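Input: a single structure, listed below in structure tokens.
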Amino acid sequence: MEPIGSIPLPAAVPTPEHASAPLGAKFAVAAFGLGLWLITSPFLLGFGVTSTRLGGWNNAMLVGAVVLVVALGGMMAPADTPWFGHVLALLGAWVAVCPLVLGYHEKIDPARALLNHAVSGAALLAVGVGAVLAMRRRR
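Each step along the sequence shown adds one to the number in our numbering, with nothing skipped, and position 110 is 158.
What follows is the structure in structure tokens.
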């Protein structure tokens with residue numbers, strides 16, 4: 049572009065450090081969605097609040113809340129939270145196996161809950177591993 053007067057206009061192509069959203073933040077947004085799903089899925093799929101003892105439904109809500117907090121940290125300062133991918137991967141692995149460890153109340157269909165936790169855990173694990181790999185690539 050031609051300068052106006054003596055002030056040159058900036059280039060229209062952004063440099064990599066001025067990209068719209070860092071890759072780590074995109075993984076954090078995906079994790080935020082998974083956290084919301086973990087909190088609401090026991091009620092949407094019909095296996096929420098079936099007993100007062102610790103089980104898969106309240107563990108899903110607790111882990112979902114932790115995922116939301118970790119994801120918010122990753123969205124607000126992705127370069128300052130290189131640990132968030134590792135935490136998400138660990139939480140994803142836990143979500144996948146927690147129904148087998150904690151169990152469910154007898155009054156629900158455990159197959160639906162097991163499938164939900166397996167898919168949600170695998171997705172969260174994949175997001176965590178992707179975030180770790182993206183952070184390593186940036187360095």
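C-beta: ideal position from N, C-alpha, C; glycine also. Here the structure is a predicted model, which is why all the values come from computation and not from measurement.
Taking the C-alpha atoms as reference points, what is the distance between residue i and residue j?
i           : j           : result
residue 138 : residue 121 : 16 angstroms
residue 133 : residue 175 : 7 angstroms
residue 130 : residue 74  : 14 angstroms
residue 177 : residue 170 : 10 angstroms
residue 76  : residue 140 : 14 angstroms
residue 117 : residue 163 : 25 angstroms
residue 84  : residue 136 : 14 angstroms
residue 113 : residue 106 : 11 angstroms
residue 109 : residue 82  : 11 angstroms
residue 119 : residue 78  : 8 angstroms
residue 172 : residue 159 : 20 angstroms
residue 91  : residue 165 : 13 angstroms
residue 151 : residue 115 : 21 angstroms
residue 72  : residue 148 : 31 angstroms
residue 88  : residue 142 : 18 angstroms
Please classify residue i: is it buried, with 16 or more other beta-carbons within 10 angstroms of its beta-carbon, or exposed?
i           : result
residue 124 : exposed
residue 94  : exposed
residue 145 : exposed
residue 180 : buried
residue 80  : buried
residue 111 : buried
What residue range is occupied by the uninterrupted alpha helix (DSSP H) comprising residue i?
i           : result
residue 133 : 132-150
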